[in-house]
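Residue numbers (UniProt numbering): 1 to 369. Note that the Cβ used here is the ideal one computed from N, Cα and C, for glycine as well. Here's the structure we're looking at; comments come further down.
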């Protein structure tokens with residue numbers, strides 16, 4: 001039954017419309033008595049009738065009000081506190097839903113914590129505020145607010161994946177601690193941080209590809225620098241260029257870094273040399289390689305496949321066009337998302353150059369093309 005008013009059953013329709021507190025909030029807002037008093041079998045029937053009458057702006061305001069009514073209901077269940085209808089209304093009027101950028105999807109998730117129980121929920125909307133899906137649930141036991149919010153995030157990832165939503169996704173949350181963890185994932189070693197990373201990777205929303213021109217990996221200082229970068233950034237895939245090492249020599253680097261998976265392209269004497277390494281658990285298939293590139297297909301944990309190409313541009317400007325031809329040929333084969341990284345030995349404009357002579361316009365235009 002309803003824990004607030006004692007009604008025999010508490011459906012979603014009852015919690016948002018028929019429970020006295022929710023009805024009082026809607027009345028303060030001036031919503032038509034017909035829509036408040038009329039009986040409906042399901043909550044969706046009520047909302048669909050409202051959508052036929054009111055415009056998008058009015059419906060957006062209503063959804064904000066209902067969200068606050070639901071939060072008030074959760075506060076009563078988990079904390080034993082319920083606000084006055086006027087307070088709920090005023091808070092709803094202070095909050096305005098902001099549209100995400102064009103062609104983006106916004107995912108909101110939240111959690112509430114009680115003494116021995118927590119609840120969590122998520123809602124997914126398109127750029128116009130249309131609800132694409134949602135979910136939620138409860139968990140018995142004592143959790144911190146941060147743990148509960150993390151659980152809500154994990155739920156939102158599951159719902160997004162079930163709807164095949166993986167691109168142009170914005171996650172919105174009001175918990176500062178969790179926001180900080182999102183912003184510092186590379187350095188976060190906590191259990192919550194590990195759970196966030198696992199969810200990102202499992203959804204195919206995160207793959208860290210690191211590229212660096214080492215200009216020789218033969219001395220101990222460069223090797224220490226590489227090991228420090230691997231620890232600090234925790235990449236999934238790394239593309240070192242200009243290693244100036246043979247495949248046999250580079251194998252010792254892999255052994256010392258404990259990154260055994262990879263492919264090496266021999267240097268030519270003491271110049272050039274490429275490698276691509278990936279961490280255990282990554283599903284990487286090398287497609288083609290040459291002294292200027294290594295092309296691969298990466299299958300993520302959600303079975304999504306992306307193309308990843310490590311590239312090293314020719315150092316001689318007179319021969320650089322042949323480098324671009326390699327990329328063009330690879331590009332003709334691409335049918336999936338494509339990531340290209342490395343040292344192109346070229347710039348798009350003079351703003352990318354620090355010191356020295358200005359770039360040659362024809363070479364910059366060729367790189368752009």
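Buried or exposed for residue i, going by 16 or more other Cβ atoms inside 10 Å?
i, result
"residue 239", "buried"
"residue 315", "exposed"
"residue 56", "exposed"
"residue 106", "buried"
"residue 248", "exposed"
"residue 9", "exposed"
"residue 58", "exposed"
"residue 321", "exposed"
"residue 196", "buried"
"residue 12", "exposed"
"residue 345", "buried"
"residue 100", "buried"
At the level of alpha carbons, what is the spacing between residue i and residue j?
i, j, result
"residue 149", "residue 162", "20 angstroms"
"residue 233", "residue 50", "50 angstroms"
"residue 78", "residue 146", "16 angstroms"
"residue 255", "residue 184", "28 angstroms"
"residue 135", "residue 66", "16 angstroms"
"residue 325", "residue 319", "11 angstroms"
"residue 85", "residue 24", "6 angstroms"
"residue 39", "residue 152", "33 angstroms"
"residue 221", "residue 164", "45 angstroms"
"residue 21", "residue 113", "21 angstroms"
"residue 172", "residue 60", "17 angstroms"
"residue 28", "residue 70", "17 angstroms"
"residue 223", "residue 217", "6 angstroms"
"residue 139", "residue 43", "24 angstroms"
"residue 53", "residue 35", "10 angstroms"
"residue 133", "residue 188", "30 angstroms"
"residue 268", "residue 291", "9 angstroms"
"residue 176", "residue 109", "13 angstroms"
"residue 337", "residue 181", "27 angstroms"
"residue 143", "residue 137", "14 angstroms"
"residue 289", "residue 179", "40 angstroms"
"residue 210", "residue 111", "35 angstroms"
"residue 7", "residue 169", "39 angstroms"
"residue 252", "residue 226", "13 angstroms"
By the three-class DSSP mapping on this structure, what secondary structure does residue i have?
i, result
"residue 61", "helix"
"residue 7", "coil"
"residue 79", "helix"
"residue 39", "coil"
"residue 20", "helix"
"residue 343", "strand"
"residue 320", "helix"
"residue 385", "Nothing can be reported for residue 385: it is not among the residues displayed for the chain, which extend from 1 to 369."
"residue 248", "helix"
"residue 164", "coil"
"residue 173", "coil"
"residue 310", "strand"
"residue 255", "helix"
"residue 109", "strand"
"residue 315", "coil"
"residue 130", "coil"
Can you find the residues in the same chain that come closer than 8 angstroms, C-beta to C-beta, to residue i, ignoring five residues on each side of it along the sequence?
i, result
"residue 76", "3, 4, 82"
"residue 360", "Its pLDDT being 42, under 50, residue 360 is placed unreliably in this model, and the coordinates cannot settle the point."
"residue 250", "217, 243, 264, 273, 275"
Note down, in chain order, each residue of its chain lying with its Cβ closer than 6 angstroms to the Cβ of residue i, except the 5 sequence neighbours on either side.
i, result
"residue 68", "88, 91, 92"
"residue 15", "73"
"residue 18", "none"
"residue 283", "299"
Take residue i and list the residues in its own chain whose beta-carbon comes closer than 7 angstroms to its own, dropping the five residues that flank it on each side.
i, result
"residue 297", "285, 287, 305, 307"
"residue 228", "none"
"residue 116", "140, 141, 142"
Answer yes if the segment 298 to 317 comes into contact with the segment 330 to 349, meaning at least three C-beta pairs across the two stretches below 8 angstroms, and no otherwise. Taking a cut-off of 8 angstroms on C-beta distances, the segment 330 to 349 touches the segment 298 to 317, as three or more cross pairs fall below it.
Meets three-Cβ-pair contact criterion under 8 angstroms: the segment 117 to 124 and the segment 150 to 158: Touching, per the Cβ criterion.
Determine contact between the segment 192 to 199 and the segment 128 to 141, defined as no fewer than three beta-carbon pairs at a distance below 8 angstroms. Proximity of the segment 192 to 199 to the segment 128 to 141 falls short of the contact definition, fewer than three beta-carbon pairs being nearer than 8 angstroms.
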